[in-house]
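**Q**
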Amino acid sequence: MRAWNEAERSIVKTYRKELWARFVRAISEYDMIQEGDVIACCISGGKDSMLMAKLFQELKRHGKIDFDVKYIVMDPGYNEANRNKIIENAKKLEIPIEIFPARIFSYVTTLQKNPCFICARMRRGHLYRIAQENGCNKIALGHHFDDVIETILMGMFYAGQYQTMMPKLHSDNYEGMELIRPLYLIREADVLRWCKHNDLSFIRCACKFTEDDEVEHFSKRKEIKDLIAQLHEVNPYVEKNIFKSSANVNIGQIISYFDKEKSYHFLDTYDEEKKYE
170 MRAWNEAERS IVKTYRKELW ARFVRAISEY DMIQEGDVIA CCISGGKDSM
220 LMAKLFQELK RHGKIDFDVK YIVMDPGYNE ANRNKIIENA KKLEIPIEIF
270 PARIFSYVTT LQKNPCFICA RMRRGHLYRI AQENGCNKIA LGHHFDDVIE
320 TILMGMFYAG QYQTMMPKLH SDNYEGMELI RPLYLIREAD VLRWCKHNDL
370 SFIRCACKFT EDDEVEHFSK RKEIKDLIAQ LHEVNPYVEK NIFKSSANVN
420 IGQIISYFDK EKSYHFLDTY DEEKKYE
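Numbering of the sequence shown is given in the numbering used here, commencing with residue 170 and proceeding in unit increments.
#1: For isoleucine 256 and lysine 239, I'd like the C-alpha separation in whole angstroms.
#2: With distances taken from CA atoms, which of Ser388, Lys233, Glu263 and Val207 is nearest isoleucine 299?
#3: Please report the straight-line C-alpha distance between isoleucine 423 and tyrosine 331, rounded to a whole angstrom.
#4: Can you check DSSP and say which residues form a bridge with methionine 243?
#5: When the Cα atoms are used, what is the spatial distance from aspartate 217 to leucine 436?
#6: Do methionine 334 and serine 340 count as a contact pair if the criterion is CB distance below 8 Å?
#7: Between the segment 217-227 and the segment 396-411, do three or more beta carbon pairs fall short of 8 Å?
#8: Let me know the secondary structure DSSP gives tyrosine 343 once reduced to three states.
#9: Roughly how many angstroms lie between the CA atoms of serine 415 and glycine 294, to the nearest whole one?
#10: Quick check: what's the CA-CA separation for leucine 296 versus tyrosine 426?
#11: List the DSSP bridge partners of tyrosine 433.
#12: Extract the residue ranges of the alpha helix (DSSP H) inside the segment 259-325, only unbroken runs of 4 or more that lie entirely within it.
#13: Return the bridge partner residues of aspartate 237 from the DSSP annotation.
#14: Mind reading off the beta-carbon distance from arginine 194 to leucine 354? Whole number of angstroms is fine, and I expect it under 8 Å.
#15: Taking the straight line between their C-alpha atoms, what separation do you get for isoleucine 266 and alanine 259?
#16: When the Cα atoms are used, what is the spatial distance from arginine 252 to proline 270?
#17: Please classify glutamate 319 as buried or exposed, where buried requires at least 16 neighbouring CB atoms within 10 angstroms.
#18: Going along the chain, which residues of its own chain have a beta-carbon closer than 8 Å to the beta-carbon of tyrosine 433, five neighbours each way excluded?
#19: Can you grab the Cα-Cα spacing for the pair asparagine 447 / phenylalanine 326, in whole Å?
#20: Below 7 Å CB to CB, which residues in the same chain sit around phenylalanine 412 once its five sequence neighbours on both sides are set aside?
#21: When DSSP labels each residue in this structure, what does lysine 413 get in the three-state scheme?
#22: Excluding the five sequence neighbours on either side, which residues of its own chain have a C-beta within less than 6 Å of the C-beta of tyrosine 343, listed in chain order?
#23: In the DSSP assignment, what residue or residues form a beta bridge with lysine 182?
#24: Taking just the CA atoms, how far does lysine 282 sit from tyrosine 184?
#25: For a test of the three-state rule: what should DSSP assign to isoleucine 372, helix, strand or coil?
#26: Using the C-alpha atoms, what's the distance from glutamate 430 back to valine 181?
#27: Can you tell me where the alpha helix (DSSP H) with valine 403 in it begins and where it stops?
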């Protein structure tokens, strides 16, 4: 059996509950796709985005919604080995990718402050632009369940704020464009099992700053990932509880919060409400 055929079969058979069902559930639960959408499936070359591409192909074949997908690779400056690996895997899995170059890595490696933040912003902007120029109204990114809970804790521990990675967002700078995250409910461990089952290997983060394994080892996200693993040994529900916390916020027990237009503090209405414990 060819690699692409077995990869597809394992999605809907072997890992139907872990991958296919959670992919479909996320799309339905968060209303990610509507009739007539043209979605840019953004492929970085890593395991998550490649799996997302195969899931979209299955949804196109078997789903009830009429939509279209374009499989785009925004090349921010990959080295030759990584670029060739992406092309090789796309051929192996029969994913019809189109590559768009962008000189992002060459710029951010010259920065002294916040290169990772600026790189992420630049890559997002390029993806929106490329997608819009190619007739898409949405971009799909391969962030999964573990990315979500790690982001929540990173915000708390390193930025002193509570926020989550949203399942979908309207673009602030590209009118009519949305971002969706169809892998929102899929666990990273299940993605890894799918890769191992199909004997597939993909590029990791190809950024110039993290090509060295030592840098990756000491990254903040790695620290959070290790912490969650330690907590799981004591409480096997810790991942689910972190995830559920962003959908179970008691505003009455929050000191302050803000949206895009206004900030709120509990003292603003404290005396008016006259609520006592």
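Note that CB positions come from ideal geometry on N, CA and C, so glycine has one too.
**A** Inspection of the coordinates gives the following:
#1: Reading the sequence shown from its first residue, position 87 is the one you call residue 256. Reading the sequence shown from its first residue, position 70 is the one you call residue 239. Approximately 16 Å between the Cα atoms of the pair.
#2: Position 130 of the sequence shown, counted from the first residue, corresponds to residue 299. Answer by Cα proximity: Val207.
#3: As a position in the sequence shown, residue 423 is number 254, starting the count at 1. As a position in the sequence shown, residue 331 is number 162, starting the count at 1. Between isoleucine 423 and tyrosine 331, the C-alpha separation is close to 11 Å.
#4: On the sequence shown, position 74 is the one that residue 243 refers to. In the DSSP output, where bridge partners are listed per residue, methionine 243 has Phe269.
#5: Locating residue 217 in the sequence shown gives position 48, counting from the first residue. Locating residue 436 in the sequence shown gives position 267, counting from the first residue. Roughly 44 Å between the two C-alpha positions.
#6: Position 171 of the sequence shown, counted from the start, is the residue given in the question as residue 340. Position 165 of the sequence shown, counted from the start, is the residue given in the question as residue 334. Taking 8 Å as the cut-off, the beta carbon of serine 340 is found no closer than this to the beta carbon of methionine 334.
#7: Touching, no, given that fewer than three Cβ pairs across the two stretches are closer than 8 Å.
#8: As a first step, residue 343 is located in the sequence shown; it is residue number 174 there, counting from the start. Tyrosine 343 falls in the coil class under three-state DSSP.
#9: In the sequence shown, the residue the question calls residue 415 occupies position 246. In the sequence shown, the residue the question calls residue 294 occupies position 125. If you take the alpha carbons of serine 415 and glycine 294, they lie about 26 Å apart.
#10: Position 127 of the sequence shown, counting from 1, holds the residue named residue 296. Position 257 of the sequence shown, counting from 1, holds the residue named residue 426. A straight line joining the alpha-carbon of leucine 296 with that of tyrosine 426 spans about 30 Å.
#11: Against the sequence shown, residue 433 aligns to sequence position 264. According to DSSP, which records beta bridges pairwise, tyrosine 433 is partnered with Tyr426.
#12: Those alpha helix (DSSP H) runs which fall completely within the segment 259-325 and span 4+ residues are 274-277 and 284-302.
#13: As a working note, residue 237 is residue 68 in the sequence shown. Looking at the DSSP assignment, aspartate 237 forms a beta bridge with Val207.
#14: Your numbering for residue 194 matches position 25 in the sequence shown. Your numbering for residue 354 matches position 185 in the sequence shown. Confirmed, about 6 Å.
#15: Position 97 of the sequence shown, counting from 1, holds the residue named residue 266. Position 90 of the sequence shown, counting from 1, holds the residue named residue 259. When rounded, the distance between both Cα atoms is 7 Å.
#16: Taking the sequence shown and counting its residues from 1, the one referred to as residue 252 is at position 83. Taking the sequence shown and counting its residues from 1, the one referred to as residue 270 is at position 101. Put simply, the backbone Cα of arginine 252 is about 11 Å away from that of proline 270.
#17: Locating residue 319 in the sequence shown gives position 150, counting from the first residue. Buried: at least 16 other Cβ atoms inside 10 Å.
#18: Counting from 1 along the sequence shown, the entry for residue 433 is found at position 264. These residues qualify, in order along the chain: Ser425, Tyr426 and Phe427.
#19: This structure cannot speak to residue 447, because the chain is shown only from 170 to 446.
#20: Position 243 of the sequence shown, counted from the first residue, corresponds to residue 412. The beta carbon of phenylalanine 412 is closer than 7 Å to those of Phe314, Val317 and Ile318 in its chain, skipping five residues each way along the sequence.
#21: As a first step, residue 413 must be located in the sequence shown, where it is residue number 244. DSSP places lysine 413 in the helix class (H, G or I) of the three-state scheme.
#22: By 1-based counting over the sequence shown, the position of residue 343 is 174. Here the set comprises Tyr297 and Gln301.
#23: By one-based count along the sequence shown, residue 182 stands at place 13. According to DSSP, lysine 182 bridges with nothing at all.
#24: As a working note, residue 184 is residue 15 in the sequence shown. As a working note, residue 282 is residue 113 in the sequence shown. Answer to the nearest angstrom: the Cα atoms are 42 Å apart.
#25: Walking along the sequence shown from the start, residue 372 turns up at place 203. Shown here, isoleucine 372 sits in coil according to DSSP, grouped into three states, outside any helix or strand.
#26: Here residue 181 is taken as the residue at index 12 of the sequence shown, counted from 1. Here residue 430 is taken as the residue at index 261 of the sequence shown, counted from 1. Note on geometry: alpha-carbon atoms of valine 181 and glutamate 430 lie some 44 Å from one another.
#27: Taking the first residue of the sequence shown as position 1, residue 403 is located at position 234. Counting along the chain, the unbroken alpha helix (DSSP H) around valine 403 starts and ends at 389-403.
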